[in-house]
Every structure is written in structure tokens, then in C-alpha cells.
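> Protein chains in written order, with the working numbering: chain A, 127 to 893; chain B, 5 to 338.
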Amino acid sequence: MKLAGRYFAVLSGFAAAGFAAFALVGVIHTYEENEGRASALQQDEARILGNRIETRLDAFERQIRAVAELPWGDGLLDEDDEREEYRRLIALNPAIYELRTISEDESVRVFVSRVKLDRPASATPPHTAVPTLRGSSAWYGRPYFRNASEPFVTLAIGGGARARQTTVAELDVRFVTDVVNRERFGSDGRVYVVDDSNRLLAHPEPSFVHRNLDLSVLPQIQHARAKLARTAGNTVTVEGTSLYSDEPVYASAFEITRTGWLVFVEQPRDEVLAPVAASLYGMLGLLAFILLLAFAVSVVIARKLARPILEIQRAATRLGRGDLQARVNLGTGDEIEVLGNEFNRMAENLGRSYSELEQRVDARTDALAKAGEALQHQAREVETLNEQLTLQLTELGRSKEEAERANAAKSRFLAAASHDLRQPMHTVSLLVGILRERLIGRDGLDLVDKVQASVQSMERLFNSLLDITRLDADAVRPNVSQFPLQALFDEIAGNYALQARAKGLDFRVVPTRAIVRTDLALLERSVGNLVANAIRYTERGGILLGTRRRFGGRIIVVVDTGVGIPEAHLDEIFEEFFQIDSSNAEQAQGLGLGLSIVKRTAVLLHLPLRVSSRPGRGSVFEIGVPVVGEAETPQRGTSSDFARTIEGAFVVVIDDEAENRFATEALCRQWGCHVVSGDSASAALAALAKHLRAPDLIVTDFRLRDGLTGLMAIDDVRREADARIPAIIVSADVAVQGIDRDDVVVLRKPLDPAQLRATMSRLLAQH
Amino acid sequence: MLAACAAFVLAACSVPEGGGSDAGAASKAVRRVVYFVASDKDRETGMRDFREFTRAVQRAGIDTKDVSLELLNVVGPGAEPARRALAELARRPPDVLVATSQFCLEAVLHTPMHVPILFLSHPDPVALGDVVSLARPGVDRTGFTFFSPVTAKHLETLHDGFPSVRRVGAVVDAYLMGAKWFTDDVHLAEASLGLEVTMFAAGNVAALRRVLATAQAARMDAWYVPVSEITSDDPDQVIALMHALNKPIVYSRVSAVLKGGTIAYEARLEDPFGIWARQLRLILAGVSAASIPVEQPQSFEIAVNLDGSREHRALRPSKAILKRATRIAGAPEN
Numbered sequence: 127m128k129l130a131g132r133y134f135a136v137l138s139g140f141a142a143a144g145f146a147a148f149a150l151v152g153v154i155h156t157y158e159e160n161e162g163r164a165s166a167l168q169q170d171e172a173r174i175l176g177n178r179i180e181t182r183l184d185a186f187e188r189q190i191r192a193v194a195e196l197p198w199g200d201g202l203l204d205e206d207d208e209r210e211e212y213r214r215l216i217a218l219n220p221a222i223y224e225l226r227t228i229s230e231d232e233s234v235r236v237f238v239s240r241v242k243l244d245r246p247a248s249a250t251p252p253h254t255a256v257p258t259l260r261g262s263s264a265w266y267g268r269p270y271f272r273n274a275s276e277p278f279v280t281l282a283i284g285g286g287a288r289a290r291q292t293t294v295a296e297l298d299v300r301f302v303t304d305v306v307n308r309e310r311f312g313s314d315g316r317v318y319v320v321d322d323s324n325r326l327l328a329h330p331e332p333s334f335v336h337r338n339l340d341l342s343v344l345p346q347i348q349h350a351r352a353k354l355a356r357t358a359g360n361t362v363t364v365e366g367t368s369l370y371s372d373e374p375v376y377a378s379a380f381e382i383t384r385t386g387w388l389v390f391v392e393q394p395r396d397e398v399l400a401p402v403a404a405s406l407y408g409m410l411g412l413l414a415f416i417l418l419l420a421f422a423v424s425v426v427i428a429r430k431l432a433r434p435i436l437e438i439q440r441a442a443t444r445l446g447r448g449d450l451q452a453r454v455n456l457g458t459g460d461e462i463e464v465l466g467n468e469f470n471r472m473a474e475n476l477g478r479s480y481s482e483l484e485q486r487v488d489a490r491t492d493a494l495a496k497a498g499e500a501l502q503h504q505a506r507e508v509e510t511l512n513e514q515l516t517l518q519l520t521e522l523g524r525s526k527e528e529a530e531r532a533n534a535a536k537s538r539f540l541a542a543a544s545h546d547l548r549q550p551m552h553t554v555s556l557l558v559g560i561l562r563e564r565l566i567g568r569d570g571l572d573l574v575d576k577v578q579a580s581v582q583s584m585e586r587l588f589n590s591l592l593d594i595t596r597l598d599a600d601a602v603r604p605n606v607s608q609f610p611l612q613a614l615f616d617e618i619a620g621n622y623a624l625q626a627r628a629k630g631l632d633f634r635v636v637p638t639r640a641i642v643r644t645d646l647a648l649l650e651r652s653v654g655n656l657v658a659n660a661i662r663y664t665e666r667g668g669i670l671l672g673t674r675r676r677f678g679g680r681i682i683v684v685v686d687t688g689v690g691i692p693e694a695h696l697d698e699i700f701e702e703f704f705q706i707d708s709s710n711a712e713q714a715q716g717l718g719l720g721l722s723i724v725k726r727t728a729v730l731l732h733l734p735l736r737v738s739s740r741p742g743r744g745s746v747f748e749i750g751v752p753v754v755g756e757a758e759t760p761q762r763g764t765s766s767d768f769a770r771t772i773e774g775a776f777v778v779v780i781d782d783e784a785e786n787r788f789a790t791e792a793l794c795r796q797w798g799c800h801v802v803s804g805d806s807a808s809a810a811l812a813a814l815a816k817h818l819r820a821p822d823l824i825v826t827d828f829r830l831r832d833g834l835t836g837l838m839a840i841d842d843v844r845r846e847a848d849a850r851i852p853a854i855i856v857s858a859d860v861a862v863q864g865i866d867r868d869d870v871v872v873l874r875k876p877l878d879p880a881q882l883r884a885t886m887s888r889l890l891a892q893h
Numbered sequence: 005m006l007a008a009c010a011a012f013v014l015a016a017c018s019v020p021e022g023g024g025s026d027a028g029a030a031s032k033a034v035r036r037v038v039y040f041v042a043s044d045k046d047r048e049t050g051m052r053d054f055r056e057f058t059r060a061v062q063r064a065g066i067d068t069k070d071v072s073l074e075l076l077n078v079v080g081p082g083a084e085p086a087r088r089a090l091a092e093l094a095r096r097p098p099d100v101l102v103a104t105s106q107f108c109l110e111a112v113l114h115t116p117m118h119v120p121i122l123f124l125s126h127p128d129p130v131a132l133g134d135v136v137s138l139a140r141p142g143v144d145r146t147g148f149t150f151f152s153p154v155t156a157k158h159l160e161t162l163h164d165g166f167p168s169v170r171r172v173g174a175v176v177d178a179y180l181m182g183a184k185w186f187t188d189d190v191h192l193a194e195a196s197l198g199l200e201v202t203m204f205a206a207g208n209v210a211a212l213r214r215v216l217a218t219a220q221a222a223r224m225d226a227w228y229v230p231v232s233e234i235t236s237d238d239p240d241q242v243i244a245l246m247h248a249l250n251k252p253i254v255y256s257r258v259s260a261v262l263k264g265g266t267i268a269y270e271a272r273l274e275d276p277f278g279i280w281a282r283q284l285r286l287i288l289a290g291v292s293a294a295s296i297p298v299e300q301p302q303s304f305e306i307a308v309n310l311d312g313s314r315e316h317r318a319l320r321p322s323k324a325i326l327k328r329a330t331r332i333a334g335a336p337e338n
């Protein structure tokens, strides 16, 4: 019956579309007609009611004016006559609550009331100030609520040409309610009146009026006021919401111009549009009938057309289920019979093709079975190989773990051994320094220089080994800070300029204003290694240390005019103990650890490192550094700018190793310093107690006995002297590198006497 | 539409004493409204008023299928019968209770039963403390009052009707004797109109009979009979006793003139049962009685009885009052 559905959809679609267009036109027409008619009826009703209220107001004015214009000032009539006239007016008009005569001097001359004594003395001032009126014109005040619940309005009438007085009446506005209450509009329509300030003045439900309600928020009142202000007439129709709920309403308003009151007649929109809804429902009913008819016609047509098609469908279903003998015999004599014959031919062809296909499938199945056996055989072989590989991988993993354990043990051994080896090396270095300065003979000096050179070479070897060991042992923790790069350059220049010049090389530093953020000590060591390397491998020309801008950052460059590096070795130079073959004795001195340290430090600090070189022309090493700002002028370091003699300085030496303490103390004395020493802070303080002078400098080992440290000793001496005395910590301990204090200088053992002297000189100069 | 009215009023007014009952749910259940009358003499008056009230309820459009109107008509001397009846009523309180007199209202207020009340009062309900204000009662009760401060106007009417009158006797009860608004108005009238008013306290007919027999009463030129306990309980006997004096008498109820009284000035309340019915409709729709204004007299009427005016010249009213009269009873004998 899908065909019926399709026919039904087409037929009903056309029918519904046509009918919907017709219905839409009809509904729109009905809507407009009803809206216009409702608007006209409402406006008529509002106008009639408004006119009735105006008629009542006219009557009040006329009657009061008739009394007010009597010749009161001519001496013919007196106040008793006027009072009687007022009493008569009140008796005739229940809406008049009070009447009074106000003289030219604003005094009350006559007063008549329904509740008070008819004496001027009983009169209270009117609720609203009455203006001076010309002739016998009328004036209405704004309605007010007596006893907070009963609406009243003040009406004033001028005394006309003959009497210069004003008659003021207080009117009970209930007469408006009487007019409103008599009318009922539609089944749910209602009539009400608001005053010029939109307060409810009359309503079929008196309780609403007694509440003194402000209806300014109702949209129909706002729209009516706005529309009346724009149009010349005094009747308008607007949309709004019900006084009781959010139900939409159509409302027409008539304005009583003399008072500004609005008479509203309103109906719920549903009531106004009820004929439209009825029309719409009728149209929908007709539409449903048309659709039903379309459906019935569709079923009849579809059945007639569908029978042979369904027979073909059933045969096709049998064919699909494997019954290749399925055939149709229609005999309709039309195109569908031709279709049936074609179906039969197709079924025959399909049967033949099916037989051929079965034969091919059998052959192919045999071939696939053979291929499957071969694949199973190969799978077994692969499985065997896989097991062997798994065994080998397990073996490899075990070997790797053993290698890692051995490497870690090596690192721990080197870290411990280097500390223990540093102590005697430090002592030897200091003692050689003393010896050199005490020897006078040329031969002896040469010998000591050679010893010193050997010691320095050994120091470099130790330092390099230590650095590598610490980096491998993962013992280095970057201490990141901001510092001017120029200070680092100055430190490097101070350490290597002399060495370069001694070799006849030009050493130049390009000033920089960059302020970078990284670990100062690690970067200084890396750049120092690069510069030292450059000096070692350069025979002519010079070395340049500077920076370049690149990609918003800064790159430190170390350029030399040395022997250069063959391109084949550019990757290998950063490996441990790698050295380019050289006949030069100096170049052969290195261990090949410097660049390896630079590489590992760069990785640790996440700094890009790059090298380019041309053999015979020189090399360029680059280290990228993060820049956080720029100083106004290049900030020069202070390390090499100060050169004060240390002679005469009062130095405190603290070291728990007697040999080290002796060597340091002897060296300082040799440089002309006054020295006191001790194996602890307390011993040094005891010795200091014999002196009146405060010490100029403290030189202390880091790790002292009994768990004390050089930092504690420095603090003790400073506290006792009550001065911030410059201090140097000398230690072989790796952990000392982590001290985060800027009021001490840390030097590593073994220490070159020249380095110690230079540092002492610098600190004393700064102090 | 009624529910819509209620919703609007609820939205427009605050509900101080939990008056916001569920109007939608309430409209489905049958609501009990009890009309409470207490009298020490007869049941007929209460039954007659109840029938009037029932008709007014129907006129107001209240569907009586949803509302059960019940009469609680208590007859007996003193407060005890009313107290017992109300105690029984409190066991199954109604949804609304109509207290048909000041006595009924006070009896209900002394019963532990919290229901919306419709009441009437002759004195000022604000001065009595029964409501906070007429426009917004503030407590869960509303109704209407006959009170209007027209005491001076009564005496002025007497003075205008009978200008020669100077000494006026006033028949009052204990409440009026102590009501400042009443005595102030009396003094104002004395000062403005040149009258000399003497108060005669009489709580019942026997007492009235006694005071009228006194020599001081005999010296009075005219009498003033405002609404009091005695005029409410025995109006006919009071009128008969006063009529026998053959002196001008001003009443505060037109009905007294229709029964033979001389003259009356009344602040009238139109259709009091209709007022109750309208207020009941709002309460049943869910509006709190505390926010429904207490209604007060809206119109004023001067009534003159001409019976006996020819026989007794002293009872012939002035032309001025006749011209102002809104109702003339009787006819002068030719």
C-alpha cells in the first residue's frame, strides 16, 4: 500500500495547498472584518458612555452656574438665600457632597455640607487649590479619595460678570460608576474610567475603585494616551492586556477633554476573534474531509495499479530467496505485462549465470584451501622467530639495566672521589703558590712554574671531570635568575683576556645591554669553556665574544680565527673525550670534556647550541639565551674593574683541615695580610677577641666539623663584628653550588692562588 | 473571570494575614459560609435577613453549587448562648463567617477560630480597633459600617426644622456617652446653633421610660434619638414612647420617621446585603479580606413626617426643611 500512500500524498498535497491558500485568504478577510467591526463597536460604546458622563457634568455645571450667576452682590439676595439655594442643589443632586462660595478675598462666605454644619467655620480647605476663574467658566480638579477610598472631584464655577466669587462643589464620582455599571459589553467585555493621572475612577467592581489603583502600567492606557496626543479625535482603539491578568485585549478609549478622564471599553482578544476562530475551525474541518476523500480515491487507484506490480514483487521475492524457477503470468496487455516478460527473461538468465558461478566458486575454493595451508606453515615459522626475538630482547634489557647500574656507580664514585681528591689538590695548589712567591732563583721559578702549570692542568682536569660527573649524576639544579649579560661577559674577559693576550691573540668583547634569565653560574661555565677552547685552538688573529639578535631573542656568539673543525667532526666534538688530531702540544693537552660539558649544560638549561666552522678559517659557537629586557646602558661587571691591593687586609681563615688552613693562612700572610685563623667559628672568634680591629674579609671552608657550615661561621663572625664583612666560601662539596645567597662568593677546590687573590682583591675593593 | 479578578487583586495588594489562599483549588471544593445572628427575642428577624443575604449572593453571581450558605441563628439572653454556639462552630470552622452585629463580631473575636469575617458596625470600626483603616482593613475581616460623623448635622436638621427649639434632650447609651467624636459634635452644634443639649442615658425601654418621666426631661423643647443599643433592640417601643411626648424629635434613621417619628437625617448605605455578597465573592475567589475596603454610607436623606403637625403646632416643621426633604411621610390634616 505504499503506492496508495504516495498517491494520497500527491493528491492530498495539491488539495491541501489549494484549500489552504483559499482558507488563508478567507481567514484574513474575516480577521480584518471582525477587528474593524469590534473596533467600531467599542469606539461607539466608549463614545456613548463618555457622552453620558459629559452630559452629567454639563448638568452639574449648568445647575451650579444657575445659582452662581444670581445677583448675590446687588443686595437683593443675602447669604441665607444663597445657603438655601445650595441646600436645594444638594437635595436635588446626590452627587454633590459640599458646596461653598469663595469670595474675592478667598474667604469662605457660604458653606453647605452633607456631614458638616452648614457654617463657613465648618469648611475645611478644598483638596485642590482652586484657581481664579474668569466669567462663569468651569474648572475641574484632579480626583482625590476621601477617607482614602471614595473618589471625589472638585468642580469650581466662576460667578460670572456680576458676582466676583467662585462656587466650589465637591462631587462624589460615584455617578460615573453608575454610568459604567449599567453597561455590559460582549460576554467578557468591561467598561472602566481612569482619571488624568490614570487612577481607576469607576469600575463595575467597587472594591477596585476604593483601592485607589494606579493603572499607568497597563499598555492600553499608555498607548491610548500616546495615540490621543497624536490624533485630532478623542476616540482610539489600542491593544493591551487585561486589568486582571496577562490576557490580551482590544480596548477603545474615549477622552473626556474637560477632565482628561478616559472611558475604556475593552474585550478579550479571544472574544473579538471568536468568529475568526470559528471560521478557521470550519476550514480545518473541510480540509479534513478533502483529505479523507483524497485518501479513499488513492486507495482505489492504487489497488487497481498495484495488483500486477505486487505479483512481480512476490516473484522477485521468491527469486531473491533462491527460487530461480519463479515466473509471472500477468496477461494485462499493457506495459506491465511487458515488464513481467522481461522479468521472466531475467530470471532465466539469472539461473544460467548462477550455475556457471557455482562452478567457478568450487574451483576458487580449492585454490584458497591450498593457500591457507601454506600460510599456516609460515605462521608457525614466524611464531618461532618471535619467541627467539623475545628472549633476545629480555637479555638486552637485563644488559641495559646492568650498564645503567654500572654507570650510576661510576658517577657516584667519581662524585665522591673528586671531593676527596680536591682537598689535597687544593692544598698543593696553595702551597705551590706560596713556594713560587718565596723562590728567588730563575731555575727554581721555572721549576715551580712547571709544577704550577701541571697543577693547573690537573685542576682543569678535575673540574671537567667533576662537571661531567655532576651532570651525569643529575646533581645539578639550575638556579635561574635575571642578570645583565654584560656582567657575565666582564667575568669571562677578566678570566681569559690575559691568557689570550699572552698567546698574542686579540680578545674582544662586544658590549651588550641584554638582561637575560637563566642560571648565571652554568652559563658562565659554558661560555668560559667555549672561550677557553677558542684560545686553545687559535694561533693567529683573535677571539670575539658578543651577541646577535635572532627571532626576538639573543644569541651569545664566540667567534675565533682558529684551526676550525672539519664538517665530518661537527657532531662529534660535543662527545666526551673527543679531540681533533693535532700536532700542537697545547691543543693536545685538553681532555676533550669542555664542549661535552657545554652541550649537557645547554640541554639542562633548554638553551639552543649551534656551531659552524670552516677548517683553516675559524669557528663560531652560538648559545641562545632568553632575554627579559634591556638595560639603558651596558652594565659592566665589577669583577675585573677593581684592583685594590690586599696588603694590610685583616683576614679571618676558618677551615677544619689543618693543612688547608695552614696553606691559606700562609698564602694570605705572604700577600701582606694580617691573618687570624681557627678550625671553627668559635676558635676564630676567640682569636679575634685579642684584636681591636674588625676583620676585612672571611675565607672559610664550607663543610666544617660537627655538622656546622661555613655559612654559619660567616654569620657568627658578622654578628660578633656587627658588620657585613665580605666572605669567601672555598669547598670541594658539590652541594655548595646551590647556595642561594648573594652576600658570599663561592670558590671551588682545588683553588688557584691567583683566583683566590683576585677574588679577595675584588671583594675588598667593593667593601 | 472571577479567578482573574482575584489574581489581579492579589497582585495589586499585599496580603498581611495569610489571606492568599489557593483560589484555583478553592473553587472546586464546596465552601461553607455561616451567617451568624444573635438575638435575645426572636428568630424571625435573623431568618428574614438571611433570606435577603442569600438572594444578594445569587445576584452577585456566586455559584451556590460551590458554596454552602448556613444560618447560625442564636436566640437567648446574654452572651452565653452565642458563646456555646460559636464553640461548637469552632470544631468545624466555616470558610467565611458573617457577623451580623457588633455583638456578633465581638463574640466571634473571643472564639479561638481564625476565619475571614464579614461584619457590620454602627460605630466607627477604626475607632473601635476592629480594622486598621476603612480603605485597607489590615486584618482578616471586612464589611460595612453605618457610621458617619453626622451628629452635628442631626442637630442642625432639628434646628432648621424647628428654629424655636433651644433645649434638646439626647437619648444615648453608655457607648455614646463616652465617645469623644459624639460629644465633640454635640458641643460644636451647641456652640454653632445656640442649642443646649442634655444627655439622657437609657440602655433599655424601662430606663427610657424612667428618664422621660423626670422633671428634667419635661423641660426639653425637643429630642434627639441617635442610633444606640436601645434603638437597635426595641425601635418600635422607643418611637412610641418618644411620640407620646408630642415634641419635635430628630432620628438618625429614616425608618423611624416612617414609623411615626418627626424628622430624620440619615447617612444611608445602599444595599448592605449586596455589599456583603460582593465582598464574599472576592474572598471566595482568594482575595484576603484584609485588603477589601470597608464600605461606608454613600447617600444622605432627610425625611419629615407631617402626621400630627396640624394638631400640634409645635410639631409643624419649617418650610426650609420641607424644601430640602427627600422623603415626606404622612399628610397634614386639612
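Note that the Cβ used here is the ideal one computed from N, Cα and C, for glycine as well.
Mind checking if B:F150 is an interface residue toward chain A, Cβ cutoff 8 Å exclusive?
No, B:F150 does not count as interfacial toward chain A.
> If A:Y266 sits next to A:L281, beta carbons under 8 Å apart, how far is it from one beta carbon to the other, in whole angstroms?
Cβ-Cβ separation between A:Y266 and A:L281: approximately 6 Å, consistent with a contact (criterion under 8 Å).
> Considering Cα atoms alone, identify which of A:V653, A:E785, A:V746 is closest to A:R726.
A:V653
> From A:S378, A:L203, A:N338, pick the residue whose C-alpha is nearest to that of A:P345; which is it?
A:S378
> Listed from N- to C-terminal order along the chain, which residues in the segment 243–259 of chain A have their beta-carbon within a distance smaller than 8 Å of any beta-carbon of chain B?
L243, D244, R245, A247, S248
> Quick one: residues in its chain with C-beta nearer than 6 Å to the C-beta of A:M409, no 5 flanking neighbours on either side, listed in chain order?
A149
> Which residues does DSSP pair with A:T835 in a beta bridge?
A:R829
> Could you have a look at B:I287 and say whether DSSP puts it in helix, strand or coil?
helix
> Suppose contacts are defined by Cβ-Cβ distances below 8 Å. Is B:V258 in contact with B:R331 by that definition?
Contact annotation: B:V258 and B:R331 have beta-carbon atoms nearer than 8 Å.
> Under 8 Å between C-beta atoms, does B:L138 make it to chain A?
yes
> Among A:D832, A:A658, A:I824, which one has its Cα closest to the Cα of A:D842?
Of A:D832, A:A658, A:I824, the residue nearest in Cα terms is A:I824.
> Verify whether the separation of the beta carbon atoms of A:V320 and A:V306 is less than 8 Å.
no
> Three-state secondary structure (DSSP) at B:H158?
helix
> DSSP state of B:A307, grouped into three classes?
Shown here, B:A307 sits in a strand according to DSSP, grouped into three states.
> Grouping DSSP H, G and I as helix and E and B as strand, with all else coil, what is A:V294?
strand
> Mind checking A:F703: buried by the 16 CB within 10 Å criterion, or exposed?
exposed
> If you measure beta-carbon to beta-carbon, which residues of the segment 201–232 of chain A are closer than 7 Å to chain B?
E210, R213, R214, A217, P220
> In whole angstroms, give me the CA-to-CA distance for B:A94 and B:R88.
10 Å
> Pull up the distance between the alpha-carbon of A:R268 and that of A:S323, whole angstroms please.
8 Å
> To be precise: take each residue of the segment 288–318 of chain A, compare its Cβ to all Cβ atoms of chain B, and keep it if any distance is under 8 Å. Which residues remain?
D298, R300, D314
> Say whether chain A places a C-beta atom closer than 8 Å to the C-beta of B:K184.
no
> Residue ranges of each alpha helix (DSSP H) run of no fewer than 4 residues wholly in the segment 597–657 of chain A, ordered along the chain?
611–628
> Enumerate in chain order the residues of its own chain whose CB-to-CB distance from A:R740 is below 6 Å, with the five nearest sequence positions on each side excluded.
Here the set comprises G690.
> Pull up the DSSP beta-bridge partners for A:L281, would you.
A:Y266, A:A295
> Residues of chain A with CB under 8 Å from B:P153, in chain order?
Those are V241, listed as they occur along chain A.
> Going straight from the alpha carbon of A:V577 to that of A:S803, what length do you get?
28 Å
> For A:T227, which residues does DSSP report across the bridge?
A:V236, A:T293
> Drop a sphere of 10 angstroms on the beta-carbon of B:C9, count the other beta-carbons inside from all chains shown, and report buried for 16 or more, exposed for fewer.
Note that B:C9 has pLDDT 42, beneath the 50 cutoff, so the model's placement of it is unreliable and the number below is only indicative. B:C9 comes out buried.
> Considering only their Cβ atoms, is the gap separating A:S857 from A:D878 smaller than 8 Å?
No. Outside cutoff.
> Buried or exposed for A:E276, going by 16 or more other Cβ atoms inside 10 Å?
buried
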